[in-house]
Every structure is written in C-alpha cells, then in structure tokens.
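The numbering of the sequence shown is numbering that gives the first Met the number 0, which starts it at 0 and goes up by one.
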Amino acid sequence: MKINKIMAATLALSLGFAQTLTAERYDVQFESYPVYSGTDLELMVGKGYTQFKLWSPAASAARVNLYDDGRVGKPYETVPMTFDKSAGVWKAQVKGELYGKFYTFQIEKDGRWLDETPGVWAKTVGVNGKRAAIIDLKTTDPEGWNYDKRPEVKNFSDVIVYEMHHRDMSVDPSSGIVNKGKFLALTETGTVSPQGFSTGIDHLKELGVTHVHILPSYDYNSVDEANLDRPQYNWGYDPQNYNVPEGSYSTNPADPATRVREMKEMVKALHNAGIGVIMDVVYNHTAENDGSNFELTAPGYYHRHWDDGRYSDASGCGNETASERKQMQDFIVNSVKYWAKEYHIDGFRFDLMAIHDTETMNRVAKELKEIDPGIFVYGEGWTAGDSPLPVERRALKENVSKMQNVAVFSDDLRDAVKGHYSDATDRGFATGKPGLEETVKIGIVAATAHPQVDYSKGANSRKPYAVSPQQVVNYVSCHDDLMLTDKLRKSMPEATDSIRMRAARLAQAIVFTSQGTPFMFAGEEIFRDKKGIHNSYKSPDSINAIDWNLKARNIDQFKYYQGLIDLRKKTDAFRMTTAEDIAKNLRFEKIDDTRQPNLIYYTLTGDPKWKEIRVVLNGANNSQTVKVPSGNWTVLAYDDVIYPEGAPEKIKGGKVSVPGISAMIIAR
Ligand code: CA
C-alpha cells in the first residue's frame, strides 16, 4: 500500500500537481526524498574558495545571496546553485575565503522565489539571525579551550541539576554582576549581594550543584537584538536558528563571533568551577510556520501535518517538527553533537520530548555517548497536544523503557509533593494533603518496580515506567507553572512564610533523598518568588529576576539546601544506579497509615558508610512518632536543619518523634 502511495505521489509531482496533493500523500512524498548525511551542509570554507550546499530536494531553483552586512543593504552578489538530484542538494562555489561576509539562501518553488533564509545549519549569524555569517570558528575559542574538560559523570544519579535563565540570574542590581543578563555573567567571580553574600557562579559553587541547566540559549525569535536597551524578556522557547547562540545574551549581537566566544567562555568558567552545562533544546517546533528556516529551505518536509494539510500542533505553539523523517532526525542528532563538540555542552534537556520518536532519542543518546558517556539526555516525556505520530513511537514518559540512555521528568513526585500543577490552591503530601503517599513513593523509587509500591494507587502513573533510576529526574518546581514559593503561598494562604519555608525544605528533602536525578529551579534556595505569575515567559525582570537581597534574609533556607546537596553527595544510598539495587536496599517501614497520614518511613541499606539509614518524611502539621531500632543513631537531618557530617549529639532508638512538616534522617 505504501509503495502505491509513493508512486501516486511521484506521478502527481511529475505532472505538476504537488499543490493539490492531500496531506497524507504530501507526507508520503517526503519519504521519497533523498537523504544527505554529509556534514558539509550549507557552508564550508576551503583553501581559496567558499562552498554552499543546500538540501532542498523539491526546489525548482536555488541561489545564494552574498552580503557585506549582517542586517541591512542589498546583496553584492547573487550566485545561482546547481542541483545534484541524487543527494537532493543544491551547490554553489565562489572564489575566495569569504570571512566577514554574510549570506542567505533562496529557493524557487511552484514558480515563486520564497523569502530569504540563513538556512537550517547557520552556525553564526548577524543581529536578529536573518543572515548567516562567515567566520572562522577557531577564532572564537577562548584561551585554553583545547584543554577545557567537562566534569566527569559516572552515573546520572550523581548529577544535581540547577535550572536557570541567564537574565533571572544576574540582571537585578543586587547580583553585583557587571555583565547583567549575559553569558559572561557566569564568568564573573567574587560577585556579592549588598549584604556581602556570594552571587552568580560563586553562589553555585557554594550551593554545590553539579550542573546548570540553562534555559534556551540557541538563537530565538522574540527578543529584538537590535534594540536591547528596550526592556525585553523571554524564556526563549521560540527557536529560530538552532545552531547559533542567542544574540541578546552576548555583549555585541551585531558581531557574529562575540556570542560564540562569550558562550564558550561561560562554559569554560563553569567547567573550571567543576560545573557541567546542560542546554534546554527545543527541536519540537519552530517560532514561525511558513516563515521558519525549515519551511523556507525544504517546504513541508520538517514539520508534521494533519491529513487536511494543516500544521499539526503537538507543541501548542502552532506547529511540530517531524523527527521520524530521516533528514530531520539527522538534523537533531548532528545539532546536539555540534553543541557537544564545539561548545563542550554536557547535557541536553529536550522540551516536549514526546513530540520526537523514540528512535531519534535513542540515536541522540547513543551518538552523544560516543563523544562522552557522561553527557546527560533527559526531557519532558509528554506533548502539549495531539500529534499524528503514533503514541507507541512517541518519546513519552511511559515509553522510557524503550530508551535506555534517556531520562524523563517525574510529574508523579512533583504533583504529589506540592499539589497539582494546574490547580494553584491544591495541596500535596508536604503541605498536609493525605492520600498521596503512594505517589510520593513512586518518586522515591524513581518509578522503578518495587515490591512495596502499589502503582495502582498512583495519581499520575499506574505502572513502573523506568527500568533504571538513571531514567528519572525528580523535582517539585521548574520555570514552568507556579514556582515553589508561589505555589506554597497560594496553597497555604493561612500559613506564615516561615511555615511555607519548612514545607519547601521538606519538599526538597524528598527530591534530594529520592532515587533518580534531583533537579531544582534557580533561586528557590533563597526562597525567591515570581509574584504569583505561573507563566512568566515574557514577564518583565521585575517578575523574573532573582533578588539577591533574599540570600541574607533567608540564609538558613540556603544552608538547608546546601546541606541537602552535600548530604546527597556524601551518601551513596541516595544515588543507587540500578532498579535491582533499589528493590533490594530500600525498604518501606510499617506505619499505621489510617492513623498516620502524610507519613513515609523507609530504610536504606547497602551504603558503604552506614549499616542503615532511616528516612522519615512527615507532611502533617503535627509531630508524628516512629519506631526506631534500639542503639545509637547519628542524626543527618532533624526538624529544619541538615547535618551532612552528623549532628554532635546522637539519638537513641525507641519511639522517636518527628516534628510536623519536616524530614528526619538518621543513620548508624
Ligand atoms: Ca535571537
């Protein structure tokens, strides 16, 4: 049946009926496109010549426009391209190494020249990314770049992720940082808040996270790079040029080399501090539909459509890309490899990952692993709408068992600990709502099969979906939805901030002691808020910026987070690497759950440092009592303090009281 459709499509094409094809046939037509897997696509500068190659199998003509300027003026030359039908590639070669010049492509389709595009493989661009630039990338390497080393990652359960936006982190005057809102902000050491507390990269070192996860930092569409003195803000989930850093984060977006060099300097500074860099990547959709670089390069091919020809929209942003098509799959794989090699990026967080197919994600993980086995790949195991891609092929949370080296966010733990994301006032386990204990346990065992976890009681998932704890990222808050402080204020209206801070500590104590990879959102360690705004993607700095004055005010909160991270690093039992280990070494203790709601009590064994560790999580307002075997126990966490080295005084076994809204961790 398939072959007949291809034949019909090819026949219709040859008769010039392409525009009348139905979407289904339209789709089939793409399967007949030749795939070009060479790595010299679009631009290559050789000795004495500059070569352009554009993959566009259905164009009737193609040309390159050459410019002196990255934004204004007419082309100084337009060069026609010739077609290599077997590869689907248009080619032009001009004399000279055109460093310092800019170019765009244009293709002709159905007798009409489409708008200019920098192509899909531009690696440097002029301001606002409309024209690709020709520079020698070697000149952008910071000093010592060849010796730059990514932090070693043995297991992904050792990774501690800190999600941040460049502007949030540094733009407030209280940051004491010079390069506010720029890549370079994270290269500045010795910066302090007005009260003398460290900010920026020093703050990250002090906190102890192993990786920063930077919100989209490829070139996105929404911020006008030519008018940066005008107040502008965006998260950046509107991709324009996938292989170029965003210009507004550079000190000079008009100079194509600056953003590249400055992003590398940021990576190098973080690597020198022992911190890895994870990039948030959004290959799932483009900012524009017909005006996207994908569409202007190979119309129809890179996006999915419904049968009636409309763009399908699993991203909720107007379109979705088609990773199941070979050239698109290659694009994603080669793009992350490019970031890993050229920018030494240590991990990739895939936005709406389930828009991609599992085969593509497996190729991504496999080929990155060949560069460095410590490169971490994880994503959102869901879509934001329906997709023509069959459910069984989607890189869904539920399909993560088909993706050995890919991790997914656990919405189970997230919603169970603090209350459902979609209902601001809903409470969770840590804020006194009973009945969510089993779902929290799903998070604690990193969604692996465990003899004591009854998945039929799970609020979000009804079966163990992870094969390994290295496939699950646990969190209670991120850039999306109400951040933790705001969620606690809305769901605990009667409480004081000091009670809410206890709830935040308990919530994070659950995240940082659970199996899997812990993940936190920037600024929560100093109890920052976003003034109750849940979707602050284009809100001003007054909503999004971190106020570093809070660090002095909430220093005990910071110390708790810092202690949790330290404790996790020092305790192997919180970082088990296989599902078998978890099933064997994590045992839930009996409690009377009808009389003791919001109480979880478990024992960990197999840690080289301790014979056993006992973790008690009490989300109730009142203190609750648990039975502890007799003997002397070292206290690692009690009430609202963490003791990574153990508290000076030991406690005795027997009946032990755990204060309301707190975690107790003891070991012997
Ligand atoms: Ca941009």
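Note that the Cβ used here is the ideal one computed from N, Cα and C, for glycine as well.
Since we're looking at a predicted model, the values are computed, not measured.
Check	Outcome
Beta-carbon separation (whole angstroms), SER85 vs PRO141, contact threshold 8 Å	Between PRO141 and SER85 the Cβ distance is about 41 Å, and since that is not below 8 Å, they are no contact.
Proximity to ALA666 [Cα-Cα], best of LEU603, ALA619, LEU295, GLU205	LEU603
By C-beta, the residues closer than 7 Å to any heavy atom of ligand 1, given in chain order	ASN127, GLY128, ASP218, TYR219, ASN220, VAL222, GLU224, GLN239, GLU245, GLY246, SER247
Length of the line joining the Cα atoms of GLU151 and ASP157	10 Å
Cβ neighbours of ASP565 in the same chain (closer than 7 Å, five flanking residues each side left out)	GLY207, PRO643
Buried/exposed call for GLN469, threshold 16 Cβ in 10 Å	buried
C-beta contact flag for ILE664 and ALA636 at 8 Å	yes
ASN220 versus ILE213, TYR232, VAL211, residue with shortest Cα-Cα distance	TYR232
Residue interval of the alpha helix (DSSP H) (run including VAL416)	410-417
Cross-strand partners of ALA131 (DSSP beta bridge)	TYR102, VAL124
Whole-Å CB distance - VAL88 paired with TYR35, under 8 Å assumed	5 Å
Counterpart residues of MET43 in DSSP-defined beta bridges	GLN50
Boundaries of the alpha helix (DSSP H) in which ILE331 is found, first to last residue	325-341
Of the listed residues LYS325, ASP312, LYS365, MET327, nearest to GLY384 (C-alpha basis)	ASP312
Secondary structure of SER541, DSSP reduced to three states	helix
The segment 419-427 / the segment 400-409 touching (three or more Cβ pairs under 8 Å)	no
Close-in-space but distant-in-sequence residues of the same chain around THR21 (CB under 8 Å, 5 per side omitted)	Residue placement at THR21 is flagged as unreliable, the pLDDT there being 45, under the threshold of 50; the coordinate-derived value follows with that caveat. These residues qualify, in order along the chain: ASP306, ASP307, GLY308.
Close-in-space but distant-in-sequence residues of the same chain around GLU648 (CB under 8 Å, 5 per side omitted)	VAL634
Span of the alpha helix (DSSP H) around ASP167	165-169
Cα-Cα separation, ALA286 to ARG229	21 Å
Member of TYR559, SER455, GLY380, SER409 whose CA lies at the smallest distance from the CA of PHE518	SER409
Inter-residue spacing [alpha-carbon to alpha-carbon] between ALA250 and VAL170	Strictly speaking, residue 250 in this sequence is Thr, with Ala absent from that position. Computed Cα separation, rounded: 14 Å.
Spatial neighbours of MET265 in its chain, beta-carbon cut-off 7 Å, leaving aside the 5 residues before and after	PHE182, LEU183, LEU185, THR186
Selected residue, minimal CA-CA separation from ARG501, among LEU481, HIS478, GLY431, GLY531	GLY431
Reference ARG392; option with closest CA among LYS368, VAL376, ILE374, GLU358	GLU358
Span separating the alpha-carbon of ILE599 from that of TYR560	21 Å
In DSSP terms, what TYR66 is bridged to	PHE101
Three-state secondary structure assigned by DSSP to GLY373	coil
DSSP state of ILE612 mapped onto helix, strand, coil	strand
Residue ranges of each alpha helix (DSSP H) within the segment 217-298, 4 or longer	255-271, 292-296
THR77 versus PRO389: straight-line alpha-carbon distance, rounded	43 Å
The alpha helix (DSSP H) enclosing PHE511, as first and last residue numbers	496-512
VAL471: first and last residue of the uninterrupted beta strand (DSSP E) it sits in	471-473
Euclidean distance between Cα positions of PRO252 and TYR310	32 Å
Rounded separation between GLY515 and GLY605 - CA only	16 Å
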